[in-house]
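Notes for the one structure printed next.
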Amino acid sequence: MNTNPHRDDDYLPCQDYIIEGNDSSGITRFENEGKFYFSFSENNKIILRSEGYSNEAGRENGIASVLKNINNEGLYHTRRLPDGRWILSLKAGNHQEIARSCPFNTEEEVLVLMPGARKRATSQINLAAVEAGSIEQEGISFADDSSVGQNVEDDYMICREYEEKISSKHPEYSDFICFKHENTGKYYFAMINKNNEIVFRSEGYPTTAARTMVLSRCEKTEKFRRE
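Each residue of the sequence shown is one higher than the last, beginning at 257 in our numbering.
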């Protein structure tokens with residue numbers, strides 16, 4: 257007797273999963289011809305889709321299993337379909353497939369959906385948004401003095417102060433300078449480009465540890481962007 261709440265291969269075409277209304281975890285639930293489906297999306301892109309479940313309880317169990325295992329790279333497998341296209345399959349600990357990607361023409365394309373690759377892509381998107389000015393990143397200001405003085409709680413110095421410290425290269429990160437300013441007694445950093453121009457600058461931090469924490473986060477984000 258088959259106790260599996262969904263058939264072995266009961267996936268809908270990918271376009272049927274494109275439905276608005278995903279929750280905070282990226283899950284979208286919907287019903288199609290009496291069966292219950294879900295998908296997992298990230299950055300408005302469907303990453304995984306489910307088969308059809310005969311009841312909502314079965315679907316919720318499937319969702320719980322996907323969310324439990326979604327960041328475990330060891331549970332992902334690529335597979336070539338009979339038509340020659342490729343999918344990325346997520347399996348539970350019992351080796352049963354619990355969700356799969358949409359099909360792509362090459363294996364390289366589905367590997368982009370792996371957790372590590374998605375994380376890098378998300379970092380690139382966030383950095384691009386920061387650079388475009390559509391989102392703010394706390395403690396960071398881009399090389400423009402126009403905002404200085406507009407908020408009395410800001411602790412940025414004018415760009416010239418950072419430019420005068422352009423030779424104070426970070427010992428590990430060649431794209432950054434770091435220094436303690438003699439007038440404020442606080443610790444600063446800035447990112448520079450290949451022409452030794454300031455890209456963005458930090459606020460002043462009371463300790464080197466506080467500065468290092470933010471600088472390291474910025475360096476990792478920039479590293480993801482370059483990869």
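C-beta atoms are modelled at their ideal positions from N, C-alpha and C, and glycine is treated no differently.
Sequence-distant residues of its chain with Cβ nearer than 6 Å to residue i (five each side left out)
i, result
"valine 408", "Note that valine 408 scores a pLDDT of 35, beneath 50, so its modelled location is shaky; the value from the coordinates is reported in the next line. Counting only Cβ-Cβ distances below 6 Å, and skipping sequence neighbours, we find nothing."
"arginine 484", "The requested residue 484 is not part of the displayed model; the chain covers only 257 to 483."
"asparagine 260", "Annotation note: pLDDT 40 at asparagine 260 (below 50); position unreliable, coordinate value reported separately. Closer than 6 Å at Cβ, skipping near neighbours: no residue."
"leucine 471", "Phe445"
"phenylalanine 286", "Ile275 and Tyr293"
"aspartate 411", "Glu459 and Gly460"
Option nearest residue i by Cα separation, candidates the options
i, options, result
"phenylalanine 449", "Tyr443, Glu419, Glu312 and Phe286", "Checking the sequence shown, residue 449 turns out to be asparagine, not phenylalanine. Measuring from the Cα of asparagine 449, the nearest candidate turns out to be Glu419."
"tyrosine 293", "Cys358, Phe456 and Tyr267", "Tyr267"
"arginine 341", "Met469, Lys291, Asn327 and Pro359", "Pro359"
"proline 427", "Glu365, Glu353, Gln352 and Glu475", "Glu475"
"alanine 373", "Ile414, Asn299, Lys436 and Phe432", "Asn299"
"glycine 290", "Thr284, Ser297, Glu312 and Ile274", "Glu312"
"proline 338", "Glu459, Gln352 and Asn361", "Asn361"
"asparagine 452", "Glu459, Leu331, Ala466 and Ser424", "Ser424"
"glutamate 438", "Tyr332, Ile275, Pro462 and His351", "Pro462"
"glutamate 417", "Ser430, Phe432 and Ile454", "Ile454"
"cysteine 270", "Asp279, Lys301, Ser280 and Gly282", "Lys301"
Three-state secondary structure (DSSP) of residue i
i, result
"valine 455", "strand"
"asparagine 278", "coil"
"lysine 476", "helix"
"leucine 268", "coil"
"tyrosine 444", "strand"
"lysine 489", "The displayed coordinates of the chain run from 257 to 483. Any statement about residue 489 would go beyond what the structure contains."
"tyrosine 412", "coil"
"tyrosine 418", "helix"
"arginine 467", "helix"
"asparagine 382", "Note that asparagine 382 has pLDDT 49, beneath the 50 cutoff, so the model's placement of it is unreliable and the number below is only indicative. In the structure shown, asparagine 382 sits in a helix (DSSP, three-state: H, G or I)."
Own chain partners of residue i with C-beta closer than 8 Å, once the 5 adjacent residues on each side are dropped
i, result
"asparagine 288", "Leu268, Asp272 and Gly308"
"threonine 334", "Trp342, Ile343, Leu344, Ser345, Glu363, Val366 and Leu367"
"isoleucine 354", "Ser306, Gly318, Ser321, Val322, Asn325, Leu346, Lys347 and Ala348"
In DSSP terms, what residue i is bridged to
i, result
"lysine 291", "Asn288"
"lysine 425", "Ile433"
"tyrosine 273", "Bridge partners of tyrosine 273: none, in fact."
Close-in-space but distant-in-sequence residues of the same chain around residue i (CB under 7 Å, 5 per side omitted)
i, result
"glycine 277", "Thr284"
**Study point:** Sequence ranges, beta strand (DSSP E) only - wholly within the segment 299 to 359, length at least 3
**Key:** Restricted to the segment 299 to 359, the beta strand (DSSP E) segments that are unbroken, complete and at least 3 residues in length are 301 to 305, 332 to 336, 342 to 347 and 353 to 356, listed in chain order.
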